[in-house]
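As structure tokens, the structure follows; a few thoughts come after it.
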Amino acid sequence: MKTKIAILALQGAFEEHCQVLERLCVESVLIRNLSDWQQPFDGLILPGGESTAMMKVMKDESLFEPIQKVIRNGLPVFGTCAGMILLDDQHLGCMDITVKRNAYGRQLGSFQIFHNIKGIGEVPMVFIRAPYVERVGGRVEILSTLDNHVVAVRQDNMLACSFHPELTEDTRVHRYWLETIVNGKH
Ligand code: GLN
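Just so you know, the sequence shown maps onto residues -8 to 177 in our numbering.
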């Protein structure tokens, strides 16, 4: 059966995730409200943007609880930047991590580097007013650390990173998620 990925499209960089999936020949659907949510899909992407705005619209659209429930039940999920914030213990409470928002301060608001992710190799990482993980629970695997700060993590069905792989030409982080979590056995 063909893989179909839902992308939360309330705010932020959802269109760019769509384009990455298109390049990987994977079908995607945008989730804007509860009726979009009713169709079947195999995984969910929580994009970057503004986590406070996304939290508000998720609640206004009655999407908060359904999303929390399916992720807790094992739906494969990939959170980038604000999407990683949404997964932490202060927001959806799905991943056993605590994320510090806007963690790099104003001066380092945005930057790009090439850096290693375990299981993938060196990839371009675009940070935009990025968070990092300040607490990692016992079941969480750290996939990348930059200057002693955790910037990519995995726990069971969940992958999250501080940066924006969807804003580069490199599709390997999405491919890793699709191969090891969506289509693999986690
Ligand atoms: N600073 C944003 C937040 O706190 C995240 C930034 C991003 O997603 N690029 O939600």
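Idealized CB from N, CA, C, for every residue including glycine.
Supposed contact pair residue j and residue i - C-beta distance, whole angstroms, cut 8 angstroms
i, j, result
"residue 69", "residue 168", "5 angstroms"
"residue 184", "residue 71", "Missing from the structure shown is residue 184; the chain here goes from -8 to 177 and no further."
"residue 0", "residue 22", "6 angstroms"
Counted within 10 angstroms of its Cβ, other Cβ atoms place residue i as buried (16 or more) or exposed
i, result
"residue 34", "buried"
"residue 118", "buried"
"residue 79", "buried"
"residue 16", "exposed"
"residue 53", "exposed"
"residue 148", "buried"
"residue 101", "exposed"
In DSSP terms, what residue i is bridged to
i, result
"residue 36", "-2 and 69"
"residue 146", "149"
Cutoff 8 angstroms: residue i Cβ touching any chain B Cβ
i, result
"residue 52", "Annotation note: the requested chain B is absent from the structure, which comprises a single protein chain."
Quick one: complete alpha helix (DSSP H) runs, 4+ long, within the region 79 to 140? Complete alpha helix (DSSP H) runs here, min 4: none at all.
Report the residue ranges of all beta strand (DSSP E) runs contained in full by the region -2 to 27; include only those spanning at least 3 residues, in chain order. Qualifying beta strand (DSSP E) stretches, in chain order: 18 to 22.
Would you check if the region 51 to 60 and the region 83 to 93 touch, i.e. whether three or more CB-CB distances between them fall below 8 angstroms? With the cut-off at 8 angstroms, the region 83 to 93 and the region 51 to 60 touch.
Count Cβ pairs between the region 147 to 163 and the region 113 to 130 that sit closer than 8 angstroms; are there 3 or more? With three or more CB-CB distances shorter than 8 angstroms, the region 147 to 163 counts as touching the region 113 to 130.
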